[in-house]
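Participant:
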Amino acid sequence: MLEIKGLTVDLEEEEKTILKGVDLTVEAGKVHAIMGPNGSGKSTLSYVLAGRDGYEVTGGTAELDGEDILDMEPEERAAEGLFLAFQYPVEIPGVGNMTFLRTALNAQRKARGEEEMSAKEFLQVIREKAKTLKIDADMLKRPVNVGFSGGEKKRNEILQMALLEPKMCILDETDSGLDVDAMKLVSDGVNALRDAGRGFLVITHYQRLLDHIKPDVVHIMSDGRMVKTGGPELALEVEQNGYADILSEVA
Amino acid sequence: MALPEKKQEATKARLSVARMPESGGWLKRARENAMERVRQMGLPDRRDEYWKYTRPESLVRPSASPAKVFEDPSDPPMFHAFERLKIVFTDGVFDEDASDDLALSGVKIERLSPASFTDIHWARDLYGVLEARGQDPVQRPLAALNTALANDGVFIRVTGKPSKPVNLIYNHKSETSDGILHHVIKLDPGTELTVLENGPAAARFNKVMEVDVADGASFHHVRTMGRDHERRAVTHIFSRLGTESVFKSFTLTANGVLTRNECVLELTGDDAVAHVAGACVGDGDFHHDDTVFVTHDAGNCESRQVFKKVLRNGATGVFQGKILVKPEAQKTDGYQISQSLLLDDDSQFLAKPELEIYADDVACSHGSTSGAIDEEGLFYLRARGVPKDTATDLMTLAFLAEAVEEIEDEDLRAEIVERLDAWLGRRRD
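In the order they appear, the protein sequences are chains A and B.
Residue numbers are given in our numbering: position 154 of the first sequence equals residue 154, and the series is strictly consecutive.
Residue numbers are given in our numbering: position 377 of the second sequence equals residue 628, and the series is strictly consecutive.
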C-alpha cells in the first residue's frame, strides 16, 4: 500500500537534514506504529507524506499503491486515499465544519470521477458517523475546530477519516492531549475503520495508545531513520526501558 | 483664500462643459448654490489630503474615460428573486420602460425634475442641504458638483412600512456615458424602508443619496457594485439620524477601475444606531476607496464601521474612516474595523482610521489589519482534498463574513454570499 524507500528530506528554510533515508512499507490491512524520541523526524515524515510546504525531498521515493505521491499536490494525495490526522488540528474561523466536510468529500469524489453526494444524503451520513464519535450537532455547526477542546479536535479528525474513507491513514500523535475516556473513544473510532483494504501508520510517543489500537508492526525511529522493527512487544520494551537501551543497542 | 492655480484650471475645465439641467425654482436655486460651493472649494486633486490615497483626476476631468460594457450571461440579475419595486436608470437616465410603476403603499416616489416644478416640495429642505452640511469639516466637492449637475434621480418620501424594498438599478450601455444621479429619501417618524442598489451605471458615475431618517425610523441599504472591470464611480451617502432611528448600509464591490464610496453620517438624536459595512473583492487593475465620516452629536448612540477587502493581482484598497464625538455625545459606543486580505505581494491596502473625541464618557475602539491567507488553514483544507483555489475561496469568504453579517435580512445576506462565492470563483486571467 504505502512504500517508502530511502527518503531523505531537508528543511527548506535552513540547511538541516531531518529524514536521512527512511525505509518503510505498510501493507493493506495492517497497522504499523512508529515510536521514537522527540526530534527523531516522526512528524516530519507525516507532513512530507501529506505534502506540506517547507520541506525539500532530496532523495528516495514514496508510493501509494504504486503511484509516486511526492510530486502530487496535497489535495491530489488526499483524493488518492492518503489521510493525515493532524497532531494539532487547525482552527479555521468563519468556515463552518459542515461546509468544510461536504466540500472536502465532494472535492475528493469529483477528483476521482465519482458523483458528488447530495446535501440530503450527506446530512444522513454525517449525522450517523458523528453520533458514534459523540460529536453533537453544535460541533458540526461551529467553524472548523474553533473553540473545540483538545479531545473534540481529535474526534473531529477521526470523523473526517470516517467520512472520507481513505486507503492509508496516518495518525500523528493522535493521543496527545487526550484523557483516558477520549482516548478510548478515538481508538474505537479508528478500530471501526480497520479492514483488509486499509493501512494505518500510527505515530506516538507512548505505548498506551497501542493498548487500544493494536499494531501489527512497531518501528523505532531515531535521527531521521528507522532503527529497529519488531512486533507489538517492541512497544512494551520501550514503555519499560525507554529508548536509551534500544538506541545504544543499534548504535 | 484663492485656490491653487492647477486646481482652478481643472475646476474651470470641468465646469466649462457642465450643463445645469433645466429645473424648477427651488431646485434651480439649490443647484446654483451648489455650483457656488464647487467654485469656492475647487474640485479635488492629488495634492488634497483627503485624496492622498486615491487619484481623483479621472473623476474630475471634463469627460468620462471610455469603459467597455461588461456582460456575463452566467450572472443572474442581482436581487432577481426578491419582491421589489424596480426603478431603472440606464447610463444615468431614468428608463421608464424597464422600471415598475412607481407606486407602492407607504412610499411616494417622484422623479427629480418634474418634482422640482412643484413650488412647495418636501425635498426642498433636503436636496443639497445634507450634502452642504457634510462639507464641514472635510470638503467633498464632487458631491457639490453632483448637486449642481445631477440630470436625474428620485425623491422618495416614506410614510409607512412598505411591503417590499425599492431597488434602484443602474444599467450601463454606452461606453462613454457620464451619469450623475441624485436621490433624496425622507423617512417620516417610525417608518421603515429598504433600498437595494445594483449595477455599474455608466462609464463614469457620480451619485449622491441624501437620507433623512426621522425619530424612530429605520433605513436599510444593500448595494452591489458589480464586476465591470473598467467603470469608475464616486458616490456619497449623506444621512442625518433622529432619536432612536436606525441606519444600516452594506456595500459589496467587485472590480471597477476606480471606486470611491463616501458615507457621511450625522447622529443628531439620542439612542440612534448607524452601521456602515463593506465587503470588497479586488482583482487586478482595481482601486477601491471607502471613506466614512461618522459624527456623534447626541447621547447614547451606537456606530459601527466594518470593512473587509480581499485584494489580488495588484489591486489597491483604501479605507479612511473617522469617528467624531462631539462634547454632548456622552455614552457614545463607536466601533471601527478595517481589514484586508492580501492574496499576493503586488496588492496593497492603505488605511487611515481616525478618532476625534470631545466627550469624556465614551467607548470607542478601532482596528486595522492587513494579512496574507493563513497557510496552516490552507494546508489543512487541501490535505482533506479541497483544491487550492476552492480552499482559498472558502477562507476568503470566511474573512469577508464579518462585514456581510452586518446585513440584517437573512435572505439578502444569503444573496450576497451566493454572489460573492460565484465571483470569487471566477478569477481574472
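Where a beta carbon is used, it is the ideal one built from N, C-alpha and C, also for glycine.
As the structure is a prediction and not an experimental result, all values here were calculated from the model.
Out of B:257, B:474 and B:283, which one is the CA nearest neighbour of residue 670 of chain B?
Facilitator: When each option's Cα is compared against that of residue 670 of chain B, the closest is B:474.
Participant: Specify the secondary structure class of residue 160 of chain A as computed by DSSP and reduced to three states.
Facilitator: Note: residue 160 of chain A maps to helix in three-state DSSP.
Participant: I'd like the span of the alpha helix (DSSP H) that includes residue 98 of chain A, first residue to last.
Facilitator: Element bounds for residue 98 of chain A: 97-111.
Participant: I'd like to know whether the C-beta of residue 6 of chain A is nearer than 8 angstroms to at least one C-beta of chain B.
Facilitator: Cβ-Cβ to chain B under 8 angstroms: no for residue 6 of chain A.
Participant: What's the C-alpha gap between residue 37 of chain A and residue 205 of chain A?
Facilitator: Cα to Cα, residue 37 of chain A sits roughly 7 angstroms from residue 205 of chain A.
Participant: Fully enclosed by the segment 121-199 of chain A, which beta strand (DSSP E) runs are 3 residues long or longer?
Facilitator: Within the segment 121-199 of chain A, the complete beta strand (DSSP E) runs of at least 3 residues are 168-172.
Participant: May I ask you to report which of helix, strand or coil DSSP gives residue 76 of chain A?
Facilitator: If DSSP states are grouped into helix, strand and coil, residue 76 of chain A belongs with the helices.
Participant: Can you list the residues of chain A that residue 639 of chain B reaches, using a CB-CB cut of under 9 angstroms?
Facilitator: The answer, in chain order, is 73, 74 and 75.
Participant: Closest Cβ-Cβ distance between residue 151 of chain A and chain B: below 8 angstroms?
Facilitator: Chain B, which has no Cβ nearer than 8 angstroms to the Cβ of residue 151 of chain A, makes this no.
Participant: Nearest chain A C-beta to residue 675 of chain B closer than 8 angstroms, yes or no?
Facilitator: Residue 675 of chain B does not count as touching chain A.
Participant: Helix, strand or coil: how does DSSP classify residue 386 of chain B here?
Facilitator: In the structure shown, residue 386 of chain B sits in coil (DSSP, three-state: anything other than H, G, I, E or B).
Participant: What does DSSP give as the partner residues of residue 651 of chain B in its beta bridges?
Facilitator: In the DSSP output, where bridge partners are listed per residue, residue 651 of chain B has none listed.
Participant: So that I know if they touch, is there some Cβ in chain A lying closer than 8 angstroms to that of residue 231 of chain B?
Facilitator: This structure cannot speak to residue 231 of chain B, because chain B is shown only from 252 to 680.
Participant: Could you tell me whether the Cβ atoms of residue 416 of chain B and residue 462 of chain B are closer together than 8 angstroms?
Facilitator: No; because the gap between Cβ atoms is not below 8 angstroms, this pair is not in contact.
Participant: Ignoring anything shorter than 3 residues or poking outside the segment 203-251 of chain A, list the beta strand (DSSP E) runs there in chain order.
Facilitator: The segment 203-251 of chain A contains these whole beta strand (DSSP E) runs: 217-222 and 225-230.
Participant: Does residue 665 of chain B get closer than 8 angstroms to chain A when you measure Cβ to Cβ?
Facilitator: Residue 665 of chain B does not count as touching chain A.
Participant: List, in chain order, every chain A residue whose beta-carbon is nearer than 8 angstroms to that of residue 623 of chain B.
Facilitator: Within 8 angstroms Cβ-Cβ: nothing; residue 623 of chain B doesn't reach chain A, min ~13 angstroms.
Participant: For residue 30 of chain A, which residues of its own chain have a beta-carbon under 7 angstroms away from its beta-carbon, when the five flanking residues on both sides are left out?
Facilitator: Closer than 7 angstroms at the Cβ level, and outside the excluded window around residue 30 of chain A, lie 199, 216 and 217.
Participant: Taking the alpha helix (DSSP H) that residue 676 of chain B falls in, what are its first and last residues?
Facilitator: Where residue 676 of chain B is concerned, the enclosing alpha helix (DSSP H) stretches over 661-676.
Participant: Would you say residue 233 of chain A reaches chain B, if we count a Cβ-Cβ gap shorter than 8 angstroms as a contact?
Facilitator: Chain B, which has no Cβ nearer than 8 angstroms to the Cβ of residue 233 of chain A, makes this no.
Participant: Quick one: using the 10 Å Cβ neighbour count with 16 as the cut-off for buried, is residue 97 of chain A buried or exposed?
Facilitator: Per the 10 Å Cβ criterion, buried.
Participant: Return the CA-CA distance between residue 554 of chain B and residue 497 of chain B, expressed in angstroms with no decimal places.
Facilitator: Those two C-alpha atoms are separated by around 10 angstroms.
Participant: By how many angstroms is the C-alpha of residue 477 of chain B removed from the C-alpha of residue 67 of chain A?
Facilitator: Rounded to the nearest angstrom, the two C-alpha atoms are 45 angstroms apart.
Participant: Could you please tell me which residues of the segment 111-145 of chain A, in chain order, have their CB closer than 9 angstroms to any CB of chain B?
Facilitator: Those would be 111, 143, 144 and 145, in chain order.
Participant: Please list the terminal residues of the continuous alpha helix (DSSP H) segment that includes residue 48 of chain A.
Facilitator: Per DSSP, residue 48 of chain A belongs to the alpha helix (DSSP H) from 42-50.
Participant: Does residue 108 of chain A come within less than 8 angstroms of chain B when only Cβ atoms are used?
Facilitator: With 8 angstroms as the cut-off, residue 108 of chain A counts as an interface residue toward chain B.
Participant: Helix, strand or coil for residue 85 of chain A per DSSP?
Facilitator: The answer is strand: DSSP assigns residue 85 of chain A an E or B state.
Participant: Go through the segment 582-627 of chain B residue by residue and report every complete run of the beta strand (DSSP E) that reaches 3 residues or more, in order.
Facilitator: Within the segment 582-627 of chain B, the complete beta strand (DSSP E) runs of at least 3 residues are 584-593, 599-608 and 614-622.
Participant: Should residue 368 of chain B be labelled buried (16 or more other beta-carbon atoms within 10 Å of its own) or exposed?
Facilitator: So residue 368 of chain B ends up on the exposed side.
Participant: Taking the Cβ atom as the reference point for each residue, do residue 100 of chain A and residue 144 of chain A lie within a distance shorter than 8 angstroms?
Facilitator: The answer is yes: Cβ separation under 8 angstroms.
Participant: Is the shortest distance between the beta-carbon of residue 86 of chain A and the beta-carbons of chain B less than 8 angstroms?
Facilitator: Yes, residue 86 of chain A lies at the interface with chain B (some Cβ there is under 8 angstroms from its Cβ).
Participant: Output needed in chain order: residues of the segment 36-48 of chain A with a Cβ under 8 angstroms from some Cβ in chain B.
Facilitator: Listed by position, the residues of the segment 36-48 of chain A near chain B (Cβ gap below 8 angstroms) amount to none.
Participant: Against residue 645 of chain B, what residues of chain A qualify as contacts under a CB-to-CB distance less than 7 angstroms, listed in chain order?
Facilitator: Going along chain A in sequence order, the residues near residue 645 of chain B (Cβ under 7 angstroms) are 95 and 103.
Participant: Does residue 407 of chain B pass the burial test, meaning 16 or more other C-beta atoms within 10 Å, or should it be called exposed?
Facilitator: Buried.
Participant: When you compare the CB positions of residue 391 of chain B and residue 513 of chain B, do they come within less than 8 angstroms of one another, or not?
Facilitator: In contact: residue 391 of chain B and residue 513 of chain B (Cβ atoms closer than 8 angstroms).
Participant: Output the residue ranges of the beta strand (DSSP E) runs that lie fully inside the segment 462-526 of chain B and measure 3 residues or longer, sorted by chain position.
Facilitator: Qualifying beta strand (DSSP E) stretches, in chain order: 469-476, 483-492, 497-505 and 509-518.
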